[in-house]
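Position 71, counted from 1, in the sequence shown is what the working numbering calls 623; the numbers after and before it change by one each time, with no gaps.
Even glycine gets a Cβ: it sits at the ideal position worked out from N, Cα and C.
Here the structure is laid out as structure tokens; the discussion comes afterwards.
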Amino acid sequence: MDDSDRHLEIAREKLSALQEAFGKHQHTVVGDLAIKVVEQLIEADAARQGMHFGAHQERQAFANREYPPSITIAMRRIWFAYGDLGYDGTNGHRARLVMRHLRTVAQFLEKRLGKQIWNSVDS
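Structure, rendered in structure tokens:
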């Protein structure tokens, strides 16, 4: 298993936990895990090019260079929602928006990487 596949495995594991938490209305968990899923997906993509990042700014710069604006906007909306869901975890509407943006990101990277990421049609 190469680094890209390892990052995808981690992203899928976190996504599975995220979808379960969303189903249980654990919205603070949605905020936490959504960011981790995005980080792992970026790392999976970068690893295909022999790159690895140690900081959020490096991942964000890579995404801004490599992805279309619609995807980087969806990523930013996930990152910005993190604070709202962390401090106001009962916000189910905000959690639904995070899931919608995350699905957009995952579908884009599924095409780019040629690998399945989103594992459920329920969330």
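- Secondary structure remark: continuous beta strand (DSSP E) runs of at least 3 residues inside the segment 643-674: none found.
- Judged by beta-carbon spacing, residue 584 lies beyond the 8 Å limit of residue 661, meaning their Cβ atoms are not closer than that value.
- Only buried fits residue 574, as 16 or more other CB atoms lie within 10 angstroms of its CB.
- Contact check for residue 631 against residue 562 fails: the beta carbons are separated by 8 Å or more.
- Taking 8 Å as the cut-off, the Cβ atoms of residue 570 and residue 582 count as close.
- The residue among 665, 663, 658 with its C-alpha nearest the C-alpha of residue 567 is 658.
- In terms of Cα proximity to residue 579, the closest of 647, 666, 652 is 647.
- Here residue 603 carries a coil assignment [DSSP, helix/strand/coil].
- Non-local C-beta neighbours of residue 589 in its own chain, meaning closer than 7 Å and more than five positions away in sequence, comprise 563, 566, 567, 570, 654, ordered along the chain.
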